[in-house]
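Protein chains in written order, with our numbering: chain A, 1 to 83; chain B, 1 to 241. Note that beta-carbon positions come from the ideal geometry of N, C-alpha and C, so glycine has one too. These figures come from a predicted structure and were not determined experimentally. Okay, so here's the structure we're looking at.
Structural data, given as structure tokens:
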């Protein structure tokens, strides 16, 4: 669901539907009742490849001690806007 | 039909009775998603009914508001078409009724949005978007059930055959009305034929054409519906949340 123009789509939920066309309409009925969105994507669950909690250590922990990946070692010159 | 009051009342009653019938599906639809979809559509109809009945009450000038018109009339005083009061039947019958009603309401509200009466034009402009969705929703189901399994095809065709005769009443000519219903027939026929074709369904032959709803002569089903809809208000007049 995209809440407004300019924002990106975010996941709002899951639902049952016999096909994509009806999934889109079911999503409209379930998730836009209170003006939550201006655009909907539906994706079949079978098309999603997800990371597994078992892979958490190998996937995400190595980033914890790589402080040099954060752009925090630069000094921002005075007067530079929009950085 | 004779006056603007009668016109607004008839349209308001169509929407009100359609809302009440659709509301009967709440918690009973084939799947949760459809349950919410039908409730959404019922609430759209109820919203249109409130606007139309409020306006009808003002036009009448007898001090009746939307509640008085909805809850304190008997069945002979209702002006809805027979189509909306028919029992829901199975899901196919409900979809056939919704499909045919939306195929009528969409061109009706669209034409109304351009009529000379400002209030009716505003109501039409709001309701036509909702009707477009109702038509879309019902069309998808008619196609899927019609072009589905042998069993779903049989039941969808039965449903269309069953409610078809009640569509003729919708287009009874009334040249004095803000929108003459007879002028909507071409749009209705085009949409219905296209969807029925895609659904591999046969358009029923025109023949028996029951009517009388606009004159207050209803099927036996309406008074039962009204009894349930009106019982609380009649037991506790003026009650509010």
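Name the DSSP beta bridge partners of residue i, please?
i             : result
residue 39(A) : 2(A)
Would you verify that the beta carbon of residue i is, or is not, closer than 8 angstroms to some beta carbon of chain A?
i              : result
residue 80(B)  : no
residue 92(B)  : no
residue 137(B) : yes
residue 37(B)  : yes
residue 140(B) : yes
Answer with yes or no whether the minimum CB distance from residue i to chain B is below 8 angstroms.
i             : result
residue 15(A) : yes
residue 4(A)  : no
residue 25(A) : yes
residue 34(A) : no
residue 30(A) : yes
residue 7(A)  : no
For residue i versus residue j, is the C-beta spacing smaller than 8 angstroms?
i              : j              : result
residue 11(A)  : residue 33(B)  : no
residue 85(B)  : residue 201(B) : no
residue 70(B)  : residue 16(B)  : yes
residue 9(B)   : residue 218(B) : no
residue 229(B) : residue 45(B)  : no
residue 216(B) : residue 79(B)  : yes
residue 120(B) : residue 18(B)  : no
residue 48(A)  : residue 1(A)   : no
residue 108(B) : residue 138(B) : no
residue 210(B) : residue 165(B) : yes
So, for residue i: in the same chain, excluding its five sequence neighbours on each side, which residues have a beta-carbon less than 6 angstroms away from its beta-carbon?
i              : result
residue 104(B) : 170 and 188
residue 110(B) : 128
residue 141(B) : 95
residue 11(B)  : 52
Cutting at 8 angstroms between CB atoms, please list the residues of its own chain near residue i, excluding the five before and the five after it.
i             : result
residue 68(B) : 57
Between residue i and the rest of its own chain, which residues show a CB-CB distance below 7 angstroms, the 5 nearest in sequence each way excluded?
i              : result
residue 64(B)  : 57
residue 221(B) : 85, 86 and 87
Does the segment 73 to 81 of chain A come close enough to the segment 44 to 62 of chain A to have 3 or more Cβ pairs within less than 8 angstroms? Result no; under three Cβ-Cβ pairs closer than 8 angstroms.
Does the segment 27 to 47 of chain A come within contact of the segment 22 to 37 of chain B, defined as at least 3 CB pairs closer than 8 angstroms? Because the criterion of three Cβ pairs below 8 angstroms is met, the segment 27 to 47 of chain A and the segment 22 to 37 of chain B touch.
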